[in-house]
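Engineer: One structure is given below, represented as structure tokens, and several questions about it will come after.
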Ligand code: SF4
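Residue numbers (full-length UniProt numbering): 1 to 370.
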């Protein structure tokens, strides 16, 4: 296994749009959680990994001492050869926490900026403001941790095209190495979902959303950030190695409450609620709730859904190497049909979405269901 995801499910405030596995940190048994997480990590044995990604929740919601304890264990147990990423909220990335991350070899930070507009940050229920973003980036640069990604969102309630221009202007000023820029998805069981259902809030329709997406892609392209995945952009050599593990459908370890992993044969899903996670680890020595054995058809479908998210697309040679048969043997008719409709293109041994295909990505993916 080359990659590992570690989940920290605590946040200092719950954002209005969030449906991730997270809880408000106040009064939570955070130290017990770290003890259980360390036990789970230990069960994977000592390993050399290419990438580790610590996400959440908010990993930077942990105290300096908690971060130190977790990272000390992780770096004793695992050697990371390439990319060690930590997710961080701008207002929580204090210099003392950053020192801990840096001392333990974290070499990439994914900063949850979302937008540069203070009013929109309030609507999202974020704890940080415009100034915090610049302060945290200052800290990062001072310490020499210049490989950071800005996480941004578009199509927010009340957002204008000028807001996107403003984000592009600050990207151009800050010159991060990587940008993830996702469209807001209204998920059930969120404050946003309830407000929209009650008619108290609205977001732009798909036409405006498409125009904003075009603006994001065009604007970042002009600034030297080519798109390499549906929602991800990077300067040369700085594409996220960890996230590419997912899109290339490679195995990875998932650790922590609600995380999931993939062995190449099956996917496994950890228990979500923090207390259940801790109790199961203490009483049964395992936190896996479910294992899902994959059929060949499942594997083919996932290879295509995930790989087509990448601009480069799915490698025909890798498909052959992984599954022992040419992609045309499984999907010949579908590939011909979608290529004729100019939704897919085949080039240099890769199958990729065209621009038109990317606009209706989900409709294209459905065609690969067996
Ligand atoms: S900080 Fe992240 S995980 Fe926590 S509530 Fe906000 S969006 Fe969700």
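For each residue, glycine too, the CB sits at the ideal point set by N, CA and C.
Owing to the predicted nature of the structure, the values given are computational and were not obtained by experimental measurement.
Please say whether residue 113 and residue 150 have beta carbons closer to each other than 8 Å?
Structural biologist: On the chain shown, residue 150 is found 150 positions in, with the first residue counted as 1. On the chain shown, residue 113 is found 113 positions in, with the first residue counted as 1. In this structure, residue 113 lies closer than 8 Å to residue 150 by Cβ.
Engineer: Given this structure, state the Cα-to-Cα distance separating residue 350 from residue 363, to the nearest angstrom.
Structural biologist: On the chain shown, residue 350 is found 350 positions in, with the first residue counted as 1. On the chain shown, residue 363 is found 363 positions in, with the first residue counted as 1. Cα-Cα distance, rounded: 20 Å.
Engineer: Below 8 Å on the Cβ atoms is my guess for residue 370 versus residue 301; work out the distance and round it to an integer in Å.
Structural biologist: Within the chain shown, residue 370 is the residue found at index 370, counting from 1. Within the chain shown, residue 301 is the residue found at index 301, counting from 1. That belief holds up - the Cβ atoms of residue 370 and residue 301 are roughly 6 Å apart, short of 8 Å.
Engineer: Start and end of the alpha helix (DSSP H) containing residue 246?
Structural biologist: On the chain shown, residue 246 is found 246 positions in, with the first residue counted as 1. 241-247 is the span of the alpha helix (DSSP H), which, as asked, contains residue 246.
Engineer: Of all the CB atoms in chain D, is at least one closer than 8 Å to the CB of residue 241?
Structural biologist: The displayed structure is made up of one protein chain only, and chain D is not part of it.
Engineer: May I ask you to check if the CB of residue 89 is nearer than 7 Å to at least one heavy atom of ligand 1?
Structural biologist: Position 89 of the chain shown holds residue 89. At least one heavy atom of ligand 1 is nearer than 7 Å to the Cβ of residue 89, so yes.
Engineer: Out of 48, 109, 15, 278, which one is the CA nearest neighbour of residue 137?
Structural biologist: The count along the chain shown starts at 1 and reaches residue 137 at position 137. The shortest C-alpha separation from residue 137 is found at 109.
Engineer: Take residue 287 as the anchor and find which of 44, 100, 230 has the nearest alpha-carbon.
Structural biologist: By one-based count along the chain shown, residue 287 stands at place 287. Residue 287 has its Cα closest to that of 44, out of 44, 100, 230.
Engineer: For residue 277 and residue 122, what's the separation of their Cα atoms in angstroms?
Structural biologist: Stepping through the chain shown from its first residue, residue 277 is reached at position 277. Stepping through the chain shown from its first residue, residue 122 is reached at position 122. For residue 277 and residue 122, the distance between alpha carbons rounds to 32 Å.
Engineer: Near residue 325, what residues of its chain come up, given a Cβ to Cβ distance below 6 Å and the 5 sequence neighbours on each side ignored?
Structural biologist: Against the chain shown, residue 325 aligns to sequence position 325. Nothing listed; no residue qualifies.
Engineer: Give me whichever residues DSSP pairs with residue 276 in a beta bridge.
Structural biologist: To locate residue 276, count along the chain shown from 1; it is residue 276. None; residue 276 has no bridge partner.
Engineer: Looking only at C-alpha atoms, which of 195, 35, 200 sits nearest to residue 282?
Structural biologist: In the chain shown, the residue the question calls residue 282 occupies position 282. Ranking the options by Cα distance to residue 282, first place goes to 35.
Engineer: Could you name the residues of the same chain whose beta carbon sits closer than 7 Å to that of residue 262, not counting the 5 residues immediately before and after it, in chain order?
Structural biologist: Position 262 of the chain shown, counted from the first residue, corresponds to residue 262. Around residue 262: 251, 252.
Engineer: Is DSSP giving residue 2 helix, strand or coil here?
Structural biologist: Within the chain shown, the letter at position 2 stands for residue 2. Residue state, collapsed to three classes: coil.
Engineer: Measure the C-alpha to C-alpha separation of residue 216 and residue 285 and round it to an integer number of angstroms.
Structural biologist: Walking along the chain shown from the start, residue 216 turns up at place 216. Walking along the chain shown from the start, residue 285 turns up at place 285. When rounded, the distance between both Cα atoms is 46 Å.
Engineer: Using a threshold of 7 Å, is the CB atom of residue 50 nearer than that to any non-hydrogen atom of ligand 1?
Structural biologist: Position 50 of the chain shown, counted from the start, is the residue given in the question as residue 50. Not one heavy atom of ligand 1 falls within 7 Å of the beta-carbon of residue 50.
Engineer: Across which residues does DSSP place residue 10 in a beta bridge pair?
Structural biologist: The sequence position of residue 10 within the chain shown is 10, counting from 1. 23.
Engineer: Enumerate, from N- to C-terminal direction, the unbroken beta strand (DSSP E) stretches of 3 or more residues contained entirely within the region 151-201.
Structural biologist: 178-183
Engineer: At the level of alpha carbons, what is the spacing between residue 98 and residue 29?
Structural biologist: Along the chain shown, one-based indexing puts residue 98 at 98. Along the chain shown, one-based indexing puts residue 29 at 29. Answer to the nearest angstrom: the Cα atoms are 23 Å apart.
Engineer: Which runs of the alpha helix (DSSP H) spanning at least 4 residues fall entirely within the region 281-310, listed in chain order?
Structural biologist: Those alpha helix (DSSP H) runs which fall completely within the region 281-310 and span 4+ residues are 296-307.
Engineer: What is the rounded straight-line gap between the Cα of residue 197 and the Cα of residue 76?
Structural biologist: The residue labelled residue 197 in the question sits at position 197 within the chain shown. The residue labelled residue 76 in the question sits at position 76 within the chain shown. For residue 197 and residue 76, the distance between alpha carbons rounds to 49 Å.
Engineer: Just the Cα atoms here: how many angstroms apart are residue 101 and residue 342?
Structural biologist: Translated into positions along the chain shown, residue 101 becomes position 101. Translated into positions along the chain shown, residue 342 becomes position 342. One C-alpha to the other measures close to 46 Å.
Engineer: Using CA coordinates, which residue listed in 226, 242, 244 is at the minimum distance from residue 236?
Structural biologist: Locating residue 236 in the chain shown gives position 236, counting from the first residue. Of the candidates 226, 242, 244, the one whose C-alpha sits nearest the C-alpha of residue 236 is 226.
Engineer: Would you report the Cα separation of residue 60 and residue 255, rounded to the nearest angstrom?
Structural biologist: Translated into positions along the chain shown, residue 60 becomes position 60. Translated into positions along the chain shown, residue 255 becomes position 255. Approximately 17 Å, taken between the alpha carbons.
Engineer: Measuring straight from C-alpha to C-alpha, what distance separates residue 304 and residue 96?
Structural biologist: As a first step, residue 304 is located in the chain shown; it is residue number 304 there, counting from the start. As a first step, residue 96 is located in the chain shown; it is residue number 96 there, counting from the start. Distance between the alpha carbons of residue 304 and residue 96: 43 Å.
Engineer: Less than 7 Å separating the Cβ of residue 177 from some heavy atom of ligand 1?
Structural biologist: Translated into positions along the chain shown, residue 177 becomes position 177. Every heavy atom of ligand 1 is 7 Å or more from the Cβ of residue 177, so no.
Engineer: So for residue 136, helix, strand or coil by DSSP?
Structural biologist: Position 136 of the chain shown, counting from 1, holds the residue named residue 136. Correct three-state label for residue 136: helix.
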